[in-house]
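J.:
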Amino acid sequence: MRKKVFAAGILICFIYLNATAQAPKVAVTPPMGWNSYNSFGSAVHEDDVKANADYMAKNLKQHGWQYVVVDFLWSYDNPPTSHIGNPYQKRLQDGSYIPWLTMDKWGRLLPQPTKFPSAFGGKGFKPLAAYVHQLGLKFGIHVMRGIPRQAVWAKSPVLGAKGITADMIADTNSTCEWMNQMYGLDMSKPGAQTYLNSLLDLYASWGVDFIKVDDISRPYHQEEIEGYRKAIAHCKRPIVLSISPGETPINSADHVKQNANMWRMADDFWDNWKEVLHMFSYAKTWEGQGGPGHWPDCDMLQIGKLSKRGPVGEERYSRFTEDELYTHITFWSIYRSPLMIGCNLPENREIERKLLTNDEVLAVNQTGQSPKQLYKDDKSMVWYSIAPNHKGIYVALFNISDDTHGVSVDLSALGFKDKAQIRDLWNHQNLGARSGTFAKTLSKHGAGLYLVSGR
883 MRKKVFAAGI LICFIYLNAT AQAPKVAVTP PMGWNSYNSF GSAVHEDDVK ANADYMAKNL
943 KQHGWQYVVV DFLWSYDNPP TSHIGNPYQK RLQDGSYIPW LTMDKWGRLL PQPTKFPSAF
1003 GGKGFKPLAA YVHQLGLKFG IHVMRGIPRQ AVWAKSPVLG AKGITADMIA DTNSTCEWMN
1063 QMYGLDMSKP GAQTYLNSLL DLYASWGVDF IKVDDISRPY HQEEIEGYRK AIAHCKRPIV
1123 LSISPGETPI NSADHVKQNA NMWRMADDFW DNWKEVLHMF SYAKTWEGQG GPGHWPDCDM
1183 LQIGKLSKRG PVGEERYSRF TEDELYTHIT FWSIYRSPLM IGCNLPENRE IERKLLTNDE
1243 VLAVNQTGQS PKQLYKDDKS MVWYSIAPNH KGIYVALFNI SDDTHGVSVD LSALGFKDKA
1303 QIRDLWNHQN LGARSGTFAK TLSKHGAGLY LVSGR
């Protein structure tokens, strides 16, 4: 009898270990993709998403870019020329709300068919996701934390929780300071996790590969973050969980690494040099916390054509200078932040092509190990990471001052006691052997990215 029990235990352990080994993993490297927010705000339409997906498939997929993400308010009916970013939801005399968001009988928001015509007939995002998938790409959506206020008013039943309605699981004291359409979930209430499970089951049925959950990192809603992680596990589809906005509290680092794949370190990042300087500080705070499956997020790339329909400022190409653009991409790469493009890709120029298709630079983001800040003062900054198989060190030099000057790195501080070979990754040039100190003159707000190796 003891032998049978022992054998059964061995079999169970084998099955468990095998299942664990075979379990699909997501975000093993920092996710790379496109998000609609910076160029279209809440007014993105299906044709816009398809056009950007087409561009990515033709021009960027071969360089590792893969996610196509529809950002916020896809359940709200923005007219085609609208720049509205956050429609005010007003309570009517009977207690209901306007504008009425597109929602099913289970209190789950659906894409608005006038913005996403393929969603007519209750198809949701399934047709659009299929379009993205047939291009060889992955599909994602933005969602707001919690449950729609209109579902609470309507007492919508919770799918899979007999006798439980939306008003029974909502925390009506938990609201978003900048979006007035949702209540938080009281995860201690029976049916709250079931509601999240029903959401992720729906998203999985559509073919969603990525969800960005908003209004959940600041303040940090620990129980709801755990709820989304559990719901993703429940739906059995490999889905990246991105949470925002920052500043995610550093004292929650262990928790967020266990429950989310990427999390915002700061609030929304835009094309302003002061915000780049602030990002350097946020990144230093989170130094050493990134790794396979969990990445501190510097926010979206502010390059290319922005704010075509809002949400911030006039329609424009990025206000960053060319040197600042290189600094922007160089830092996101050496730090191993997720790379999510925010511009309207079909309007890319040659400069955007160079910034987004340099495989040697993208390899720093995707393969560098243990990024660290070597030093920083008022004029200069140096970060480095370890190249794959310890074949060298990636080194990023930054001129953060308002004047042109030389930025140097002591090669011995990187472990090179003798001569080291230097390769300029942005320019695909071997610069030859150097010893002692490597220095480069950089323009105001400029950067350089190099591979330093022993041979």
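If you use the working numbering, the sequence shown corresponds to residues 883 to 1337, in order. Even for Gly, the Cβ is constructed at its ideal location relative to N, Cα and C.
(1) Between which two residues does the beta strand (DSSP E) holding Gly1066 run?
(2) In terms of alpha-carbon separation, which member of Tyr1085, Lys1299, Asp930, Gln1140 lies closest to His1116?
(3) Put Phe1092 into one of helix, strand or coil per three-state DSSP.
(4) For Lys1301, which of Arg1235, Met914, Thr1319 has the nearest alpha-carbon?
(5) Runs of 4 residues minimum, wholly inside the region 935 to 1023: which ones carry the alpha helix (DSSP H) assignment?
(6) Just to check my reading of the structure: Lys1345 and His927 have Cβ atoms closer than 8 Å, yes? What is that Cβ distance to the nearest angstrom?
(7) So the candidates are Gly1328, Gln1016, Ala1001, Leu992; which of them puts its Cα closest to the Cα of Asp936?
(8) Have a look at Thr1209, Gly1175, Glu1108, Gln1140 and flag the residue whose alpha-carbon is nearest the alpha-carbon of Asp1153.
(9) Given a cut-off of 9 Å, decide if Arg1031 and Met1064 are closer than it, judged by their beta-carbon atoms.
(10) Hey, is the region 1066 to 1080 in contact with the region 1009 to 1026, meaning 3+ C-beta pairs nearer than 8 Å?
(11) Can you tell me the Cβ-Cβ gap for Asp1091 and Gly1022, rounded? I've got them flagged as a contact below 8 Å.
(12) What distance in whole Å lies between the Cβ atoms of Ser1200 and Ile1185, which are believed to be in contact at a cut-off of 8 Å?
(13) Could you tell me which residues DSSP puts in a beta bridge with Arg1198?
(14) Going along the chain, which residues of its own chain have a beta-carbon closer than 8 Å to the beta-carbon of Met985, five neighbours each way excluded?
(15) Rounded to whole angstroms, how far is the Cβ of Lys1273 from the Cβ of Ser1317, which I believe are closer than 8 Å?
(16) Once the 5 residues before and after Thr1076 are set aside, which same chain residues still bring their CB inside 8 Å of it?
(17) Please return the same chain residues whose Cβ sits closer than 6 Å to the Cβ of Met1263, not counting the five positions on each side in sequence.
(18) Tell me whether the region 1251 to 1266 and the region 1231 to 1238 touch, counting them as touching only if at least three CB pairs, one residue from each stretch, are closer than 8 Å.
(19) Kindly list the residues whose CB is nearer than 7 Å to the CB of Asp1150, restricted to its own chain and excluding five residues on each side of it in sequence; keep chain order.
(20) Would you mind sorting Phe922 into buried or exposed? The rule is 16 or more other CB atoms within 10 Å of its CB.
(21) What separation, rounded to the nearest whole angstrom, lies between the Cα atoms of Pro1270 and Val1246?
(22) So with Cβ pairs under 9 Å, would you call Gly1192 a contact of chain D?
(23) Excluding the five sequence neighbours on either side, which residues of its own chain have a C-beta within less than 6 Å of the C-beta of Pro1220, listed in chain order?
(24) Could you tell me the distance, in whole angstroms, from the CA atom of Ile1121 to the CA atom of Ala909?
(25) Along the chain, where does the beta strand (DSSP E) containing Met1263 start, and where does it finish?
(26) Any idea what DSSP makes of Gln1171, helix, strand or coil?
(27) Would you mind stating whether Val950 and Lys1008 have Cβ atoms separated by less than 9 Å?
(28) So for Phe1213, helix, strand or coil by DSSP?
(29) Output needed for Pro1131: all residues of its chain with C-beta closer than 7 Å, excluding positions within five of it in sequence on either side, in chain order.
(30) So within the region 1105 to 1158, which uninterrupted alpha helix (DSSP H) runs reach at least 4 residues, ignoring any that extend past its ends?
(31) With DSSP as the reference, please indicate the residues paired to Trp916 in a beta bridge.
(32) Since Trp1035 sits in a beta bridge, which residues does DSSP pair it with?
(33) Which residue comes first and which comes last in the alpha helix (DSSP H) that contains Ile1233?
(34) Is Gly923 helix, strand or coil by DSSP?
(35) Starting from Ile1051 and walking both ways along the beta strand (DSSP E), at which residues does that stretch end?
T.: Result, derived from the coordinates:
(1) 1064 to 1067
(2) Tyr1085
(3) strand
(4) Thr1319
(5) Entirely contained in the region 935 to 1023, the alpha helix (DSSP H) runs reaching 4 residues are, in chain order, 1008 to 1016.
(6) No answer is possible for residue 1345: the residues shown for the chain start at 883 and end at 1337.
(7) Gln1016
(8) Of Thr1209, Gly1175, Glu1108, Gln1140, the residue nearest in Cα terms is Thr1209.
(9) For Met1064 and Arg1031, yes; Cβs fall inside 9 Å.
(10) no
(11) 6 Å
(12) 5 Å
(13) Looking at the DSSP assignment, Arg1198 forms a beta bridge with Leu1188.
(14) Ser957, Leu991, Leu992, Pro1030, Gln1032, Ala1033, Ser1038
(15) In fact, because the Cβ distance is near 19 Å, the residues do not count as touching under 8 Å.
(16) Val1040, Leu1041, Gly1042, Ala1043, Ile1046
(17) Phe1280, Ile1282
(18) no
(19) Taking C-beta separations shorter than 7 Å and ignoring five residues to either side along the sequence, the partners of Asp1150 in its chain run Pro1127, Asp1181, following chain order.
(20) buried
(21) 9 Å
(22) Looking for chain D here will not work: only one protein chain is present.
(23) Pro912, Pro913, Met1144, Trp1177, Asp1179
(24) 9 Å
(25) 1262 to 1268 is the span of the beta strand (DSSP E), which, as asked, contains Met1263.
(26) coil
(27) no
(28) When secondary structure is reduced to three states using DSSP, Phe1213 falls in the helix class.
(29) Tyr1102
(30) 1135 to 1141
(31) Val950, Ile1223
(32) DSSP, once it has assigned bridges, lists no residue as partnering Trp1035.
(33) 1232 to 1238
(34) helix
(35) First-last for Ile1051: 1048 to 1051, but that is the alpha helix (DSSP H), not the beta strand (DSSP E).
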